[in-house]
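Below is one structure, written out as structure tokens; comments come after it.
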Amino acid sequence: MDALLEVRNLTKLFPKKPFLFAPDKRSMFAAVEDVSFSLQRGEALGLVGESGCGKTTIANLILKLLSPDRGEIIFDGEDITQLKAHREILPVRRKMQAVFQNSGSSLDPHMTLGKIITEPLKNFGLPIKGKAEQYLELVSLPPDWVSRKPHQLSGGQRQRVSIARAMVLKPKLLILDEPTSNLDVLTASQILALLRHLFEEHETAVLFISHDIAAVDKLCRRKAVMKDGRIIETLSSLSLEEASHPYTKKLIESKLSIDKS
Ligand SMILES: Nc1ncnc2c1ncn2[C@@H]1O[C@H](COP(=O)(O)OP(=O)(O)O)[C@@H](O)[C@H]1O
Ligand SMILES: [Mg+2]
4 MDALLEVRNL TKLFPKKPFL FAPDKRSMFA AVEDVSFSLQ RGEALGLVGE SGCGKTTIAN
64 LILKLLSPDR GEIIFDGEDI TQLKAHREIL PVRRKMQAVF QNSGSSLDPH MTLGKIITEP
124 LKNFGLPIKG KAEQYLELVS LPPDWVSRKP HQLSGGQRQR VSIARAMVLK PKLLILDEPT
184 SNLDVLTASQ ILALLRHLFE EHETAVLFIS HDIAAVDKLC RRKAVMKDGR IIETLSSLSL
244 EEASHPYTKK LIESKLSIDK S
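Given below as structure tokens:
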């Protein structure tokens, strides 16, 4: 079967200095450079690398929040590279959802959890009856919390609500960009366990983005390692024997030393 997501030679340039008017080539740098990878249906793929290496830019390009300078993005059999208008992007959005590091803290404080979770269904004119309760349960929150508001929840609980909201459309692809980075270690590991459980039960493919190779390894067999805008190698384990790039070896060694301590 063909891949769910195919990213080919993706490049995104940004101006080296902000607010540059009509920047020329020399004043630009590649935040993402010649990046190619594919994601199979139902697969969880990790994208790992240090802060600033271009991970979020890749997420934004796939989500059509940014346009690439070069390359192609094929999603669910459709070339979405050139889609620009809201009405063109909308049907893609139904199949592709995202959870960001700050998703939990940016929930609308005036809306109840029930409204927050079912809003995407409402936007697409889909039935909402019973869905809020069902999806609260899915993320291990009490279903009778539908009438609560975000400020009554902890950071981890709010992030669970964002996951419920992202899952309610049953997307084919879920992009998780540092979804646990704002949470304490224990809450983060509970959310990772929840995500793992969700993906095993559902057929959602996942692009899991993180600076933390150990977190990525919990969810994803294949891990693409990024450095300076490029994917330098893709690993299927966290063994030093498999890693060929010195940077990857360093990442793995730092993870192994944490395990020992
Ligand atoms: N809108 C933007 N304009 C200019 N530079 C940007 C913009 N967004 C990101 N960058 C730069 O692109 C690089 C990659 O950023 P990002 O994709 O956010 O990295 P990561 O998510 O891996 O931390 C960084 O150097 C960042 O400063
Ligand atoms: Mg980022």
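Each position in the sequence shown, counted from 1, maps to that position plus 3 in the working numbering.
We put the beta carbon where it would ideally sit given N, CA and C, even for glycine.
Using a Cβ-Cβ cut-off of 6 Å (strictly less than) and excluding sequence neighbours within five positions of residue i, which residues of its own chain qualify?
i           : result
residue 216 : 51, 254 and 258
residue 179 : 102 and 211
residue 191 : 183
residue 3   : This structure does not reach residue 3, given that the chain is present from 4 up to 264, and the question cannot be answered.
residue 45  : 206 and 208
Would a C-beta distance cut-off of 9 Å place residue i and residue j closer than the cut-off?
i           : j           : result
residue 49  : residue 173 : no
residue 127 : residue 99  : no
residue 65  : residue 210 : yes
residue 43  : residue 208 : yes
residue 80  : residue 10  : no
residue 57  : residue 233 : yes
residue 61  : residue 8   : no
residue 222 : residue 164 : no
residue 182 : residue 153 : no
residue 134 : residue 120 : yes
residue 206 : residue 175 : yes
residue 32  : residue 17  : yes
residue 149 : residue 139 : yes
residue 122 : residue 230 : no
residue 241 : residue 218 : no
Is it buried or exposed for residue i, if we count other Cβ within 10 angstroms and need 16 for buried?
i           : result
residue 188 : exposed
residue 15  : buried
residue 158 : exposed
residue 162 : buried
residue 167 : buried
residue 27  : exposed
residue 213 : buried
residue 21  : exposed
residue 70  : exposed
residue 243 : exposed
residue 145 : exposed
residue 249 : exposed
residue 129 : exposed
residue 220 : buried
residue 88  : exposed
Give me, in chain order, the residues of the same chain whose beta-carbon lies closer than 8 Å to that of residue i; leave out the 5 immediate sequence neighbours on both sides.
i           : result
residue 151 : 115 and 116
residue 86  : 67, 92 and 95
residue 353 : Beyond the ends of the chain as shown, which are 4 and 264, falls residue 353; an answer cannot be given.
residue 141 : 167, 170 and 201
residue 125 : 131
residue 105 : 185
residue 30  : 18, 19, 20 and 23
residue 237 : 40, 225, 226, 227 and 228
residue 193 : 159
residue 143 : 163 and 197
Looking only at its own chain, which residues have a Cβ that is under 7 Å from the Cβ of residue i, when we skip the five neighbours before and after it?
i           : result
residue 202 : 47 and 209
residue 82  : 75
residue 37  : 12, 14 and 233
residue 72  : 14, 15 and 16
| Residues near ligand 3, criterion Cβ-heavy atom distance below 5 Å | As presented, the structure is devoid of ligand 3, carrying ligand 1 and ligand 2 as its sole ligands.
| message | Threshold first: 4 residues or longer. Then list the alpha helix (DSSP H) segments lying entirely within the segment 157-214, N to C. | response | As far as the segment 157-214 is concerned, its whole alpha helix (DSSP H) runs of at least 4 residues are 158-170 and 188-204.
| task | May I have a chain-ordered list of the beta strand (DSSP E) segments no shorter than 3 residues that lie completely inside the segment 20-95? | result | Segments of the beta strand (DSSP E) lying fully in the segment 20-95: 31-42, 47-51 and 73-78.
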